[in-house]
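Student: Protein sequences appear in the order of chains A and B.
Residue 5 is where the first sequence starts when you use my numbering, and the numbers rise one by one after that.
Residue 754 is where the second sequence starts when you use my numbering, and the numbers rise one by one after that.
Even glycine gets a Cβ: it sits at the ideal position worked out from N, Cα and C.
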Amino acid sequence: MLLHYAPGSAHSASVRIALAEKGIEAELHKLNLVNYEQHRPEYIALNWHGTVPMLEDRGQYLMETFLILEYLEDLHPAPPLIGKDPRQRYIARKWGKYVETHIAPHLAINRWAALHGKVSDEAVPGFANLLTARCELWLRAKHGFDREQLAVSTQALLTAGNRLAADLAGNDWLAGDRFTLADVAVYPHVAQFGALGLPVPPAVEQWLARVAARPSVEAIGADLFPLAVMGPEPGRWG
Amino acid sequence: MLDVYTWEPNANSGKPLFCLHEKGVPFTYHYIDMGTHEHHAPEFLAINPDGTIPAIVHDGFTMTESTPAMEYIDEAFGGPSLRPEDPFRRWQMRILLRYMDNVVAPSLAMIASNRLAAPRFVGQDPDELRAKLARIPLPERRATWEKLMFQATPPAEIEESQRRLRQAIERFNSLLGQTPWLAGETFSLADVGVFATFHALPLSMEGEVNDRATANLMRWLRACHSRPALQAALRMGKGFITQRAAEVRERLGVAGAAA
Chain A
5 MLLHYAPGSA HSASVRIALA EKGIEAELHK LNLVNYEQHR PEYIALNWHG
55 TVPMLEDRGQ YLMETFLILE YLEDLHPAPP LIGKDPRQRY IARKWGKYVE
105 THIAPHLAIN RWAALHGKVS DEAVPGFANL LTARCELWLR AKHGFDREQL
155 AVSTQALLTA GNRLAADLAG NDWLAGDRFT LADVAVYPHV AQFGALGLPV
205 PPAVEQWLAR VAARPSVEAI GADLFPLAVM GPEPGRWG
Chain B
754 MLDVYTWEPN ANSGKPLFCL HEKGVPFTYH YIDMGTHEHH APEFLAINPD
804 GTIPAIVHDG FTMTESTPAM EYIDEAFGGP SLRPEDPFRR WQMRILLRYM
854 DNVVAPSLAM IASNRLAAPR FVGQDPDELR AKLARIPLPE RRATWEKLMF
904 QATPPAEIEE SQRRLRQAIE RFNSLLGQTP WLAGETFSLA DVGVFATFHA
954 LPLSMEGEVN DRATANLMRW LRACHSRPAL QAALRMGKGF ITQRAAEVRE
1004 RLGVAGAAA
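#1: DSSP beta-bridge partners for residue 34 (chain A)?
#2: Going by DSSP in three states, residue 931 (chain B) sits in which element: helix, strand or coil?
#3: What are the boundary residues of the beta strand (DSSP E) that residue 758 (chain B) is part of?
#4: Chain A partners of residue 760 (chain B), CB-CB under 9 Å?
#5: What residues of chain A sit near residue 862 (chain B), judged by a beta carbon separation below 9 Å?
#6: Whose Cβ in chain B lies nearer than 7 Å to the Cβ of residue 90 (chain A)?
#7: Kindly list, in the order they appear in chain A, the residues whose Cβ is closer than 9 Å to that of residue 848 (chain B).
#8: Could you name the residues of the same chain whose beta carbon sits closer than 7 Å to that of residue 1005 (chain B), not counting the 5 residues immediately before and after it, in chain order?
#9: Does the distance from the CB of residue 157 (chain A) to the CB of residue 113 (chain A) come in under 8 Å?
#10: Measuring only the C-alpha atoms, how far is residue 991 (chain B) from residue 796 (chain B)?
#11: Terminal residues of the continuous beta strand (DSSP E) containing residue 58 (chain A)?
#12: What residues from the segment 72–88 of chain A come within 9 Å of chain B, judged by C-beta to C-beta, listed N to C?
#13: Are the beta-carbon atoms of residue 809 (chain B) and residue 769 (chain B) separated by less than 8 Å?
#14: For residue 872 (chain B), would you say it is in contact with chain A, using Cβ-to-Cβ distances shorter than 8 Å as the test?
#15: Let me see if you follow: with CB-CB separation under 8 Å, is residue 105 (chain A) close to chain B or not?
#16: When the Cα atoms are used, what is the spatial distance from residue 8 (chain A) to residue 1008 (chain B)?
#17: Counting only Cβ pairs nearer than 7 Å, list the residues of chain B close to residue 97 (chain A).
#18: Are any of the Cβ atoms in chain A nearer than 8 Å to that of residue 893 (chain B)?
#19: Give me the Cα-Cα distance between residue 27 (chain A) and residue 867 (chain B), rounded to the nearest whole angstrom.
#20: The beta strand (DSSP E) spanning residue 808 (chain B) covers which residue range?
#21: Extract the residue ranges of the alpha helix (DSSP H) inside the segment 124–174 of chain A, only unbroken runs of 4 or more that lie entirely within it.
#22: Alpha carbon to alpha carbon, what distance is there between residue 930 (chain B) and residue 887 (chain B)?
#23: In chain B, which residues lie less than 9 Å from residue 144 (chain A) when you measure between Cβ atoms?
#24: At what residues does the beta strand (DSSP E) containing residue 970 (chain B) begin and finish?
#25: I'd like to know if residue 818 (chain B) contacts chain A, where contact means its C-beta is closer than 8 Å to some C-beta of that chain.
#26: Since residue 837 (chain B) and residue 937 (chain B) are thought to touch, with beta carbons under 8 Å apart, how far apart are those beta carbons, to the nearest angstrom?
#27: Which runs of the beta strand (DSSP E), 3 residues or longer, sit entirely within the segment 762–850 of chain B?
#28: Residues in the same chain with beta-carbon distance under 6 Å from residue 798 (chain B), minus the five sequence neighbours each way, listed in chain order, please.
#29: Can you name the residues that DSSP bridges to residue 180 (chain A)?
#30: Comparing the C-beta of residue 159 (chain A) with each C-beta of chain B, is any distance below 8 Å?
#31: For residue 937 (chain B), list the residues DSSP reports as bridge partners.
#32: Measure how close the beta-carbons of residue 141 (chain A) and residue 5 (chain A) come, nearest whole angstrom, since I'm counting them as under 8 Å.
#33: At a Cβ cut of 9 Å, what residues of the segment 921–933 of chain B count as close to chain A, listed as they run along the chain?
#34: Show which residues of chain A have a CB atom less than 8 Å away from the CB atom of residue 843 (chain B).
#35: Grab the span of the beta strand (DSSP E) containing residue 64 (chain A) for me, first residue to last.
#36: Listed from N- to C-terminal order along the chain, which residues in the segment 789–821 of chain B have their beta-carbon within a distance smaller than 9 Å of any beta-carbon of chain A?
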């Protein structure tokens, strides 16, 4: 098993946390996103999305963070991380999806502005290796996001904080009484909110501290910094 | 107690209906009429404050995300399993569903709603339309409905959606050239999810989806339309979807053609 990952990639952090929680040994291949190594033809040949993380296992190349987490769970069910019953598993999967549709895309836009993201001229030719939608997202980033988009993204992230707080009411963890893939998937993204000046409700603050104290998270602490890179495409039609 | 609050057997609305019929699980169908914006009315918002359909309530537990809800249905009830055993095939099932949810279904929704729903708003009182918009809880949905009501979807966006849809048709057709079902040898939630959105394409996109251009996809559509459970779910509608499904079955030469 070989994990292609990058420091500063919240999605990569989720997979590394899950590997550590499950005690799975995987080889690591580190990519440098600052140099756009994820857009190089040799990487695109393996992963046409040009994204990290990607898991290489048994001759297959797996993408999409939460779906990689589910794959690890299906392959190594112990210790269980997806939840103890169908309800808890639904909640974990609901958050796994929400990260991709609401948190990661808007966090990327907000982060790009907060960290004054720039695309160097050397990086532009690499965009041609990407799928159309991904290429267009990077070109949008190059021009900078307008005020209207930034307002939409900031609001989406504040709403996300409130939704997290709602599920954490009376619970230590997002899916209830135990640490699950919901916490694994959401944590590395929301851990960046503070550095970007995005407030979170107290219940979320306490939950962030609980997750941060887990050895699996402490072990990769140095790689959890925010980096000006694009996330998934924001929703186009509701 | 299993209650499904949803619109027609179509796209996200249809996913729980198709899934429950395949599992053979009894449930109560509460019809929420999207045409009269019942999903933004207080009665429905009391069930799902986000104002999105479907909402599935099982013994007091409410689910509003249709793809995770399909996995819940597969886990919580008896009947045939709708997920492959092999972990890689499961990943494949899930990534197809993710691709549908994030890329393909929104593209088709943009195209279809601009064709079918947008013209209904032409000439209506703008203040009344704004009052309807104000009842939509989620800002992203409000923005979408605003584009529909005021015919403000940029043509370039619709073209991009058409490109994405054509690409998806090609990809699924090629995948179905390798295996009988989308995630391998067995019928799975991937087939349910794609069928829910693609069931009428032989009529609505007959130039792109036909026996010459997409033979594998057509074989799969015939196989899906022949399944008694999917036919039963398609018969549950109260509007044009059910009639259209009968026309599609007739076009495909599939038994059980009557609506």
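Tutor: Quick look at the numbers:
#1: Sequence index remark: in the first sequence, residue 34 (chain A) carries index 30 (1-based). Partner(s): A:9.
#2: Mapped onto the second sequence, residue 931 (chain B) falls at position 178. DSSP places residue 931 (chain B) in coil when its eight states are reduced to three.
#3: Along the second sequence, read from residue 1 onward, the residue named residue 758 (chain B) stands at position 5. Unbroken beta strand (DSSP E) run through residue 758 (chain B): 755–759.
#4: In the second sequence, counting from the first residue as 1, residue 760 (chain B) sits at position 7. Ordered by position in chain A, no residue passes the 9 Å Cβ test against residue 760 (chain B), which lies about 14 Å from the chain.
#5: Looking up residue 862 (chain B) in the second sequence gives position 109. Correct list: 241, 242.
#6: Walking along the first sequence from the start, residue 90 (chain A) turns up at place 86. Residues of chain B passing the Cβ test: 825, 828, 829.
#7: Here residue 848 (chain B) corresponds to residue number 95 of the second sequence, with the count starting at 1. What residue 848 (chain B) touches in chain A: 66, 67, 68, 71.
#8: Counted from its first residue, the second sequence places residue 1005 (chain B) at position 252. Cβ within range, chain order: 955, 974, 975, 978.
#9: Stepping through the first sequence from its first residue, residue 157 (chain A) is reached at position 153. Stepping through the first sequence from its first residue, residue 113 (chain A) is reached at position 109. Contact flag set, yes.
#10: Numbered from 1 along the second sequence, position 238 holds the residue referred to as residue 991 (chain B). Numbered from 1 along the second sequence, position 43 holds the residue referred to as residue 796 (chain B). Computed Cα separation, rounded: 20 Å.
#11: Here residue 58 (chain A) is taken as the residue at index 54 of the first sequence, counted from 1. 58–61 is the span of the beta strand (DSSP E), which, as asked, contains residue 58 (chain A).
#12: 72, 74, 75, 76, 77, 78, 79
#13: Taking the first residue of the second sequence as position 1, residue 809 (chain B) is located at position 56. Taking the first residue of the second sequence as position 1, residue 769 (chain B) is located at position 16. With contacts defined as CB atoms closer than 8 Å, residue 809 (chain B) and residue 769 (chain B) qualify as a contacting pair.
#14: By one-based count along the second sequence, residue 872 (chain B) stands at place 119. Taking Cβ atoms only, chain A never reaches closer than 8 Å to residue 872 (chain B), which makes this a no.
#15: By 1-based counting over the first sequence, the position of residue 105 (chain A) is 101. So, interface residue.
#16: Counting from one through the first sequence, the residue named residue 8 (chain A) turns up at place 4. Counting from one through the second sequence, the residue named residue 1008 (chain B) turns up at place 255. Their backbone Cα atoms lie some 49 Å apart in a straight line.
#17: Counted from its first residue, the first sequence places residue 97 (chain A) at position 93. Chain B residues near residue 97 (chain A): 821, 824.
#18: Within the second sequence, numbered from 1, the residue matching residue 893 (chain B) stands at position 140. It does: the Cβ of residue 893 (chain B) has a partner Cβ on chain A nearer than 8 Å.
#19: Position 23 of the first sequence, counted from the first residue, corresponds to residue 27 (chain A). Position 114 of the second sequence, counted from the first residue, corresponds to residue 867 (chain B). If you take the alpha carbons of residue 27 (chain A) and residue 867 (chain B), they lie about 50 Å apart.
#20: Numbered from its first residue, the second sequence carries residue 808 (chain B) at position 55. Start and end: 808–811.
#21: Within the segment 124–174 of chain A, the complete alpha helix (DSSP H) runs of at least 4 residues are 128–131, 136–147, 151–172.
#22: The residue given as residue 887 (chain B) occupies position 134 in the second sequence. The residue given as residue 930 (chain B) occupies position 177 in the second sequence. Answer to the nearest angstrom: the Cα atoms are 47 Å apart.
#23: In the first sequence, residue 144 (chain A) corresponds to position 140, counting from 1. Those do not exist, as residue 144 (chain A) stays about 13 Å from chain B at its closest Cβ, beyond 9 Å.
#24: As a position in the second sequence, residue 970 (chain B) is number 217, starting the count at 1. Unbroken run through residue 970 (chain B) is the alpha helix (DSSP H), 968–978; no beta strand (DSSP E).
#25: Stepping through the second sequence from its first residue, residue 818 (chain B) is reached at position 65. So yes, residue 818 (chain B) belongs to the interface.
#26: Within the second sequence, numbered from 1, the residue matching residue 837 (chain B) stands at position 84. Within the second sequence, numbered from 1, the residue matching residue 937 (chain B) stands at position 184. Between residue 937 (chain B) and residue 837 (chain B) the Cβ distance is about 5 Å, and since that is below 8 Å, they are a contact.
#27: The qualifying runs are 781–784, 808–811, 814–816.
#28: For this step, residue 798 (chain B) is matched to residue 45 along the second sequence. Non-local beta-carbon contacts of residue 798 (chain B) in its own chain, meaning distances under 6 Å to residues more than five positions away in sequence, involve 804 in chain order.
#29: In the first sequence, the residue the question calls residue 180 (chain A) occupies position 176. Per the DSSP secondary-structure output, residue 180 (chain A) pairs in a beta bridge with A:177.
#30: Working through the first sequence from its first residue, we reach residue 159 (chain A) at position 155. The beta carbon of residue 159 (chain A) sits closer than 8 Å to some beta carbon of chain B.
#31: Mapped onto the second sequence, residue 937 (chain B) falls at position 184. Looking at the DSSP assignment, residue 937 (chain B) forms a beta bridge with B:934.
#32: Translated into positions along the first sequence, residue 141 (chain A) becomes position 137. Translated into positions along the first sequence, residue 5 (chain A) becomes position 1. Wrong, their Cβ atoms sit about 29 Å apart, outside the cutoff.
#33: none
#34: Translated into positions along the second sequence, residue 843 (chain B) becomes position 90. 74, 75, 78, listed in chain order.
#35: Within the first sequence, residue 64 (chain A) is the residue found at index 60, counting from 1. Element bounds for residue 64 (chain A): 64–66.
#36: 805, 811, 814, 816, 817, 818, 820, 821
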